[in-house]
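Asks: First the structure, which I've put down as structure tokens, then a few questions once you've had a look.
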Amino acid sequence: AIYSLGSINIDHIYRVPHHTQPGETLAATDYTRGLGGKGANQSVAAAMAGAKVFHIGAIGRDDAWTLDLLRDYGVDTANIQQIKTATGHAIIQVDPSGENAITLYPGANRQISDAQVARVLANARPDDTLLLQNETSAQFASVRLAADMGLRVLYSPAPFELTPLQDVIPFTTLLAMNEGEAAQMISTFGGLPDCDVIITKGAQGAEWHRLNAQTLTIPAFDVHAVDTTGAGDCFAGTIAAALDAGMDREQALTRAAAAAAIQVTRHGAASAMPSRADVDEFLAP
Ligand code: ADP
2 AIYSLGSINI
12 DHIYRVPHHT
22 QPGETLAATD
32 YTRGLGGKGA
42 NQSVAAAMAG
52 AKVFHIGAIG
62 RDDAWTLDLL
72 RDYGVDTANI
82 QQIKTATGHA
92 IIQVDPSGEN
102 AITLYPGANR
112 QISDAQVARV
122 LANARPDDTL
132 LLQNETSAQF
142 ASVRLAADMG
152 LRVLYSPAPF
162 ELTPLQDVIP
172 FTTLLAMNEG
182 EAAQMISTFG
192 GLPDCDVIIT
202 KGAQGAEWHR
212 LNAQTLTIPA
222 FDVHAVDTTG
232 AGDCFAGTIA
242 AALDAGMDRE
252 QALTRAAAAA
262 AIQVTRHGAA
272 SAMPSRADVD
282 EFLAP
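Numbered per UniProt numbering, the sequence shown finishes at 286, counting up by one with no gaps.
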């Protein structure tokens, strides 16, 4: 099973004629609301890929619809607490050229306690997986406990931040990041850590580095991308599901690249994650 310590955000997306200036009041021309957050996206990707996914997180009291939606995608939501703090959310302005300006409020995502995670992980088994990124609290306690219990720890250091990164890396089995994050990592630490590292390179594909082993590379599948939001989360969630199911590196990499290729041909993030059957069909000769 996969234990996904992850952010749940509500994305409020406004189409605007231009980005608001200081002091300006501007009418948006369109509004949509959706489920987002790297954690929720990764949980959905992994569940759609066929894994049993226990999401560990927190939301505010008024947003139970996010739990309904996660359950619709197959994610177990029993360990998501509803608390008094506002649900994490993003106010996203999109101008006619497609450029974003985003205000993010982490809210409940940063109120996840070490004790909450410990209670959930008490049910985990050594062949399970902990999946996490940088948008919550409680990362350090979680990875220490997971590593102690022998779990595989798959970590996306995004958005790039020194804490929890420095705390989490020593307990990480597999680090998954994009080229921008890899560049920041190399310039900050002078190199990559000793654990397994996957670097995704958008339409250039992905590479899996392992200490004292040959680097595995996979080109991206040739598709017509319409929206790459959440591609990295799709990739990470699918890798987690594949490894959790016992697949080897090559199989896992192939399925993740295929899933992400399908995902970028669809609009949306969580709602664009392909099912296991979609990926089977995509890879069928
Ligand atoms: P992030 O979303 O974190 O920036 P990337 O842009 O590196 O991550 O994308 C993650 C993975 O998604 C890539 O390694 C690739 O497999 C797939 N992908 C992204 N963009 C495309 C594309 N235009 N065509 C095909 N696959 C893509």
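C-beta: ideal position from N, C-alpha, C; glycine also.
All of these numbers come straight from a predicted model, not from anything done at the bench.
1. Quick check on DSSP: helix, strand or coil for residue 5?
2. I need the DSSP call for residue 197, collapsed to helix, strand or coil.
3. Tell me which same chain residues have a C-beta within less than 7 Å of the C-beta of residue 264, skipping the five on either side of it?
4. Sorry if obvious, but does the Cβ on residue 283 come closer than 7 Å to a heavy atom of ligand 1?
5. Measuring from the CB of residue 233, is there a heavy atom of ligand 1 at a distance below 7 Å?
6. One question on the structure: do residue 3 and residue 130 come within less than 8 Å of each other, judged by their Cβ atoms?
7. Considering only heavy atoms of ligand 1, does any lie closer than 7 Å to the CB of residue 224?
8. Throw me the rounded Cβ distance for the residue 48 and residue 15 pair, which I believe falls under 8 Å.
9. What are the start and end residues of the beta strand (DSSP E) that includes residue 178?
10. Are the segment 117–135 and the segment 96–103 touching by the rule of at least three beta carbon pairs closer than 8 Å?
11. Tell me the start and end of each unbroken beta strand (DSSP E) in the segment 108–143 that is at least 3 residues and wholly inside, in chain order.
12. Would you check if the distance between the CB atom of residue 127 and the CB atom of residue 163 is smaller than 8 Å?
13. So is the beta-carbon of residue 236 under 7 Å away from any non-hydrogen atom of ligand 1?
14. Whose C-alpha, out of 167, 203 and 56, is nearest the C-alpha of residue 186?
15. Between residue 91 and residue 37, which are expected to be in contact by the criterion C-beta below 8 Å, what is the C-beta distance as a whole number of angstroms?
16. DSSP on residue 105, reduced to helix/strand/coil?
17. Residue 83 lies in the beta strand (DSSP E); which residues open and close that run?
18. Taking 7 Å as the cut-off, is the beta-carbon of residue 201 closer than that to any non-hydrogen atom of ligand 1?
19. Between residue 78 and the rest of its own chain, which residues show a CB-CB distance below 7 Å, the 5 nearest in sequence each way excluded?
20. If you draw a straight line from the C-alpha of residue 188 to the C-alpha of residue 213, how long is it?
21. According to DSSP, residue 156 sits in a beta bridge with which residue or residues?
22. Does DSSP put residue 166 in a helix, a strand or coil?
23. What separation, rounded to the nearest whole angstrom, lies between the Cα atoms of residue 229 and residue 268?
24. On the CB-based measure, 16 or more other CB atoms within 10 Å of its CB, does residue 172 come out buried or exposed?
Replies: The answer reads as follows:
1. Looking at residue 5 - three-state DSSP - the assignment turns out to be strand.
2. Of the three classes helix, strand and coil, the one that applies to residue 197 here is strand, per DSSP.
3. Leaving aside the five residues that flank residue 264 on each side, the residues in its chain whose CB is nearer than 7 Å to its CB run, in chain order, 231, 232, 235, 273, 274 and 275.
4. No, since every heavy atom of ligand 1 falls outside the 7 Å radius drawn around the Cβ of residue 283.
5. Result yes, Cβ under 7 Å from ligand 1.
6. Yes, they are a contact pair.
7. Yes, the beta carbon of residue 224 sits closer than 7 Å to at least one heavy atom of ligand 1.
8. Not confirmed; about 29 Å, so no contact.
9. Residue range 175–179 is occupied by the beta strand (DSSP E) that includes residue 178.
10. At 8 Å Cβ cutoff, the stretches do not touch.
11. Annotation note: the segment 108–143 contains the following uninterrupted beta strand (DSSP E) runs of length 3 or greater, listed N- to C-terminal: 130–133.
12. Result no, Cβ atoms of residue 127 and residue 163 do not sit closer than 8 Å.
13. Because some heavy atom of ligand 1 lies under 7 Å away, the Cβ of residue 236 counts as near it: yes.
14. Ranked by Cα distance from residue 186, the first of 167, 203 and 56 is 167.
15. Taking a contact as a CB-CB distance under 8 Å, the pair residue 91 and residue 37 counts as one, their CB atoms being some 6 Å apart.
16. Residue 105 falls in the strand class under three-state DSSP.
17. First-last of the beta strand (DSSP E) with residue 83: 81–84.
18. Residue 201 Cβ: within cutoff of ligand 1.
19. Taken in chain order, the residues that qualify are 56, 68, 71 and 72.
20. When the Cα atoms are used, residue 188 and residue 213 turn out to be separated by approximately 22 Å.
21. Paired residue(s): 133 and 176.
22. Of the three classes helix, strand and coil, the one that applies to residue 166 here is helix, per DSSP.
23. For residue 229 and residue 268, the distance between alpha carbons rounds to 8 Å.
24. Classification of residue 172: buried, given that the 10 Å Cβ count is 16 or more.
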